[in-house]
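Right, one structure below, let's go through it.
Numbering (UniProt numbering), first residue to last: 1 to 274.
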């Protein structure tokens with residue numbers, strides 16, 4: 001890649017630092033872990049692999065990395081790109097071949113959103129494969145913007161206050177999913193992917209669906225950030241600073257038992273006794 005400029009060096013250090021902080025804050029990787037890095041061929045997963053390889057070298061613990069890509073048999077998918085890249089950097093890898101593309105095209109009417117079904121099929125296959133190879137952690141490339149977008153999608157369209165947690169235990173308890181890029185911005189990742197010249201593979205299955213709800217939310221957040229720089233960071237901090245008593249979920253806070261405390265110190269001073 002050659003010598004980095006000052007700005008490029010700052011970018012690389014920032015991404016490595018933020019990923020390291022996320023891994024530490026949420027105890028994402030422990031000594032002896034086998035981390036299955038899910039590699040799609042997009043900018044996010046390439047960056048995640050790159051950063052994790054660096055952390056593997058400098059971390060005070062030992063952990064194993066294995067890259068896994070799922071070939072979903074999309075027409076025109078360049079099957080050679082990822083194996084060639086992974087061989088060039090000396091990373092152990094597996095390619096899972098499963099024709100989920102045909103299933104999605106069969107089940108979803110033309111013009112409708114394919115992302116949800118595609119994601120479920122891919123996730124189920126990867127969970128199973130993680131078991132097969134004995135991976136103790138499964139790393140996904142979702143970043144800070146993905147997490148915020150998911151929060152607003154659930155808020156606006158699902159009526160729930162939830163996002164993507166940086167660390168997740170699967171419903172059956174057999175897989176721990178981690179998101180090492182949880183503190184990293186998409187803008188930084190885009191710049192880093194260009195700087196590193198990763199061989200990006202576009203998603204031809206859903207990439208043309210410009211009117212997805214997620215795309216609408218993404219543009220909304222980008223516009224907010226343009227008008228008020230730093231707002232994205234503030235909103236993300238809010239996800240880490242939750243006060244259940246100030247919301248209205250009766251399962252999270254016992255509103256029914258709230259009573260006046262007769263032993264509380266009086267708030268007002270008796271002026272006449274002064």
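Note that the Cβ used here is the ideal one computed from N, Cα and C, for glycine as well. A quick note: this is a predicted structure, and the numbers were derived from the prediction, not measured.
- For residue 195 and residue 247, the gap between their C-alpha atoms comes out near 43 Å.
- Residue 79 and residue 51 have their alpha carbons spaced roughly 24 Å apart.
- Pairing residue 136 with residue 57 gives a Cβ-Cβ distance that is not under 8 Å.
- Nearest neighbour of residue 65 by Cα position, chosen from 101, 133 and 71, turns out to be 133.
- Assignment of residue 95 by DSSP, reduced to helix, strand and coil, places it in the strand class.
- The region 84-98 and the region 149-169 do not touch, with fewer than 3 CB-CB distances between them shorter than 8 Å.
- With contacts defined as CB atoms closer than 8 Å, residue 68 and residue 49 fail to qualify as a contacting pair.
- Pairing residue 180 with residue 59 gives a Cβ-Cβ distance that is not under 8 Å.
- In terms of Cβ geometry, residue 183 and residue 231 do not form a close pair [threshold 8 Å].
- When 102, 138 and 146 are compared, the shortest CA-CA separation from residue 170 is found for 138.
- Excluding residues up to 5 positions away in sequence, 231 and 232 lie with their Cβ nearer than 7 Å to the Cβ of residue 225 in the same chain.
- Judged by beta-carbon spacing, residue 122 lies within the 8 Å limit of residue 70, meaning their Cβ atoms are closer than that value.
- DSSP, reduced to helix, strand and coil, places residue 188 within a helical segment of the structure shown.
- Sequence-distant partners of residue 217 (beyond 5 residues in either direction) whose C-beta falls short of 6 Å from its own C-beta, in its chain, are 149, 152 and 153.
- Short of 7 Å from the beta carbon of residue 129, and not among the five residues preceding or following it, lie these beta carbons of its own chain, in chain order: 68 and 96.
- The C-beta separation of residue 244 from residue 236 comes to about 19 Å, leaving the pair out of contact by the 8 Å criterion.
- In the DSSP annotation of this structure, the continuous segment of the beta strand (DSSP E) that includes residue 64 starts and ends at 64-71.
- In this structure, DSSP gives residue 51 a helical state, which the three-state scheme calls helix.
- Scanning 212, 261, 44 and 25 for the CA closest to the CA of residue 185 turns up 44.
- About 6 Å separates the beta carbon of residue 199 from that of residue 85, a gap short enough to meet the 8 Å contact definition.
- Residue 164 has its alpha-carbon roughly 27 Å from the corresponding atom of residue 73.
- Rounded to whole angstroms, residue 187 and residue 142 show a C-alpha spacing of 13 Å.
- Straight-line spacing of the CA atoms in residue 81 and residue 89 works out to 13 Å.
- The beta carbons of residue 16 and residue 54 sit about 6 Å from each other, so the pair counts as a contact at 8 Å.
- Between the alpha carbons of residue 177 and residue 266 lies a gap of roughly 49 Å.
- Rounded to the nearest whole angstrom, the CA to CA distance from residue 4 to residue 190 is 16 Å.
- In the three-state reduction of the DSSP assignment, residue 235 falls in the helix class, which pools H, G and I.
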